[in-house]
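Structure, as structure tokens:
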Ligand SMILES: [Zn+2]
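Residue numbers (our numbering): 271 to 606.
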């Protein structure tokens, strides 16, 4: 409601009165009427306020959704591809599952061994030997397993928080002590070896997809949440001889515009690696007809927002574009 007032007051100053007036007359009654615990009176007052508000805004507020122009847009096809782990990934995954911490997590809801009748996590097994709580471990290990599933090399990258970093480093040291070859390789050849698809089942599938797209002359946006993963994918594109561009949070705005222009207009540049976090001003990849999300996050809304903010279309794709595996089309019509 606050945002609505803000937008309307900018567009039509004074239409909804002062912010305090608006809160008292509209947002409070509407919000109270929507509570689970609302009384019949509150519900009625809320509805009335909503009707008055709708009437006041009716001359200024237009609702337009994509369905209006749906028939003018090419079809968009969404595909979820499930990729099996490679043997190496499976071995690492299994090693993670066999750690003491994971055993602690898995048994945490069982009755405690001291016969107190309480669950283990609320009794004698609240933390591991490093003092980390089951709850902390739970999320850390979810993150670790997700990294293993995307690409084993991600385990060696820094985490978001200091506490996580120490924990994940310890987990990794423990896990990788069983794979000395891999550690040596990743030290020796930096990423060159790691871009080898045998370290990631998703990379194997991606390899096939990219080769297929190359034949089709598709234009691909390859999204990743992690810049470390973008490094790996970039190495792969280099090794495979693709002409690509890369855009992430550290790309300067002039450079961004140049990259987007090149991608949209040049026949030779068919892949652009984009960080899911890079969204924002000046990104308008109208040339793309295939979008690949390498590592979806837990929250699908994040991914959609990233794609939407970089692939807005002012008009339908021209029919001269080559047919692709997936045609991902978004438009710039605002949906309120
Ligand atoms: Zn106990």
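Glycine included, C-beta positions come from ideal geometry on N, C-alpha and C.
If you're wondering where the values come from, they're calculated on a predicted model, not measured in any experiment.
Residue i and residue j closer than 8 angstroms at C-beta
i, j, result
"residue 500", "residue 484", "no"
"residue 547", "residue 511", "no"
"residue 278", "residue 300", "no"
"residue 358", "residue 468", "yes"
"residue 404", "residue 493", "no"
"residue 388", "residue 378", "no"
"residue 393", "residue 472", "no"
"residue 449", "residue 362", "yes"
Run of the beta strand (DSSP E) containing residue i, from where it starts to where it stops
i, result
"residue 516", "514-517"
"residue 493", "490-494"
"residue 562", "560-563"
Presumed contact (8 angstroms Cβ cut-off) between residue i and residue j, rounded CB distance
i, j, result
"residue 398", "residue 376", "Contact doesn't hold; Cβ gap of about 13 angstroms is too wide."
"residue 509", "residue 465", "6 angstroms"
"residue 538", "residue 513", "5 angstroms"
"residue 371", "residue 407", "5 angstroms"
Buried or exposed by the 16-neighbour rule on C-beta atoms within 10 Å, applied to residue i
i, result
"residue 311", "exposed"
"residue 421", "buried"
"residue 607", "The structure shown does not extend to residue 607, since the chain is modelled only from 271 to 606, so the question has no answer here."
"residue 503", "buried"
"residue 507", "buried"
"residue 470", "buried"
"residue 314", "exposed"
"residue 339", "exposed"
"residue 424", "buried"
"residue 409", "exposed"
"residue 280", "exposed"
"residue 290", "exposed"
"residue 269", "Residue 269 lies beyond the range of the chain shown here (271 to 606); nothing can be said about it."
"residue 498", "buried"
Run of the alpha helix (DSSP H) containing residue i, from where it starts to where it stops
i, result
"residue 545", "Premise fails: residue 545 lies in the beta strand (DSSP E), 541-545, not in any alpha helix (DSSP H)."
"residue 323", "310-327"
"residue 411", "404-420"
"residue 363", "357-367"
"residue 274", "272-281"
Near ligand 2: residue i beta-carbon under 7 angstroms from a heavy atom
i, result
"residue 386", "The model depicted lacks ligand 2 and carries ligand 1 instead."
The segment 334-353 in contact with the segment 370-385 per 3-pair CB rule at 8 angstroms:
no
May I ask you to verify whether the segment 554-571 touches the segment 525-544, counting CB pairs closer than 8 angstroms and requiring at least 3?
The segment 525-544 and the segment 554-571 touch, with three or more beta-carbon pairs separated by less than 8 angstroms.
Is there contact here, the segment 280-292 with the segment 325-332, by at least three beta-carbon pairs under 8 angstroms?
Put simply, the segment 280-292 touches the segment 325-332. At least three CB pairs are less than 8 angstroms apart.
Any 3 or more C-beta pairs closer than 8 angstroms across the segment 355-375 and the segment 404-415
yes
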